[in-house]
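Before any comments, here is the structure.
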Amino acid sequence: MKKFGVVLSVLAAFTFAVAGCSSKSASDNNKPKVSSKEQNKISEYEGIIKSARTLNESGNYKASNKTLNSIRIADLSKSGFGSLKTEYFQLQKSNDAFLLKKAKKQNQTANTNSNGGTTDLSTNDSFSSYSKFTGDYQFYNYDPDRLQSDLIIDSDGTVDQENTDGTSLHGVATISADSQSGILSYDVTTGTNKTKNINANVKIDVTWSNGQVETYYGYTSYDGNSVLTDGKTYHGDLVNEVWVKY
């Protein structure tokens, strides 16, 4: 009787082990497969993230953001890129926080030194109802001739623009509802120079510390991203400035 009980126990254990293996095998088969090409891209992006993290930890926030810009944002939504996407935006948020802090100090200094001049860089609450248009924007259709890289807009209107040559601009923005139509922009969903006319949802006026004022028109692209355009032409058939928030 004891022998029979032992045999049953062994059989039960074997059955459980086989079932477990089968379950694990089925689970593995259900996992989305990552091609060797995508795996190479993941490895490449891991290296970029590592470099950006090192720059962030050493206080080189501007360089860290510039390094992150080497990553194609659309790739981060693919299967297998989830952890990279999380770290990308965590690093970007950390970099932006320090860059905006610096811009705020510069704005305060500019206000103090203006001695009643016309450039007012005081913060405001105009973005309180338009949080969709705050955050980090990347310059669309980058080419070596353009210096623009990142545009950061904080909830209090503070603006910081980072350029590829290491320079930056700081100022303050106000936002208001707008419904102008026929404004020139890029079709940012194509990743090309294809232009289109858009209907604006908002208008953003940026006053830079040098006293210059720029106006951007904001809208939502077909893929749900916030986009800013100045609506001006560049080199005849291109758009002067278009920024996309990913």
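Under mature numbering (1 follows the signal peptide of the UniProt record, and there is no 0), residues -19 to -1, 1 to 227 are what the sequence shown spells out, in order. We put the CB at the ideal spot given by N, CA and C, even for glycine.
Where the alpha helix (DSSP H) through residue i begins and ends
| i | result |
| --- | --- |
| residue 29 | 17 to 38 |
| residue 47 | 42 to 49 |
7 Å CB neighbourhood of residue i in its chain, flanking five on each side removed
| i | result |
| --- | --- |
| residue 52 | 26, 29, 69 |
| residue 237 | The displayed coordinates of the chain run from -19 to 227. Any statement about residue 237 would go beyond what the structure contains. |
| residue 54 | 227 |
| residue -14 | The predicted position of residue -14 is uncertain, since its pLDDT is 46 and thus under 50; no value can be drawn from it. |
Classification of residue i by the beta-carbon crowding that lies within 10 angstroms, buried from 16 upward
| i | result |
| --- | --- |
| residue 5 | Caution is warranted here: a pLDDT of 49 is assigned to residue 5, below 50, making its placement in the model unreliable, and no coordinate value can be reported. |
| residue 210 | buried |
| residue 48 | buried |
| residue 154 | buried |
| residue 78 | exposed |
| residue 167 | buried |
| residue -17 | Below a pLDDT of 50, predicted positions are generally treated as unreliable, and residue -17, at 47, falls in that range; no measurement from the model is reported. |
| residue 208 | buried |
Through-space distance from residue j to residue i, alpha-carbon basis
| i | j | result |
| --- | --- | --- |
| residue 43 | residue 135 | 16 Å |
| residue 216 | residue 126 | 12 Å |
| residue 122 | residue 199 | 17 Å |
| residue 92 | residue 192 | 11 Å |
| residue 21 | residue 128 | 30 Å |
| residue 197 | residue 174 | 19 Å |
| residue 74 | residue 219 | 30 Å |
| residue 213 | residue 202 | 18 Å |
| residue 163 | residue 38 | 45 Å |
| residue 225 | residue 19 | 25 Å |
| residue 165 | residue 62 | 34 Å |
| residue 170 | residue 101 | 36 Å |
| residue 118 | residue 35 | 22 Å |
| residue 32 | residue 65 | 13 Å |
| residue 221 | residue 81 | 24 Å |
| residue 50 | residue 205 | 20 Å |
| residue 156 | residue 185 | 4 Å |
The beta strand (DSSP E) enclosing residue i, as first and last residue numbers
| i | result |
| --- | --- |
| residue 144 | 139 to 144 |
| residue 210 | 207 to 210 |
| residue 134 | 129 to 134 |
| residue 188 | 183 to 189 |
| residue 158 | 149 to 158 |
Same chain only: Cβ atoms within 6 Å of residue i, ignoring 5 sequence neighbours per side
| i | result |
| --- | --- |
| residue 84 | 139, 141, 151 |
| residue 161 | 181 |
| residue 147 | none |
| residue 145 | 128, 130 |
| residue 137 | 104 |
Chain-order list of residues whose beta-carbon lies under 8 Å from that of residue i (same chain, five-residue window excluded)
| i | result |
| --- | --- |
| residue 56 | 22, 26, 62 |
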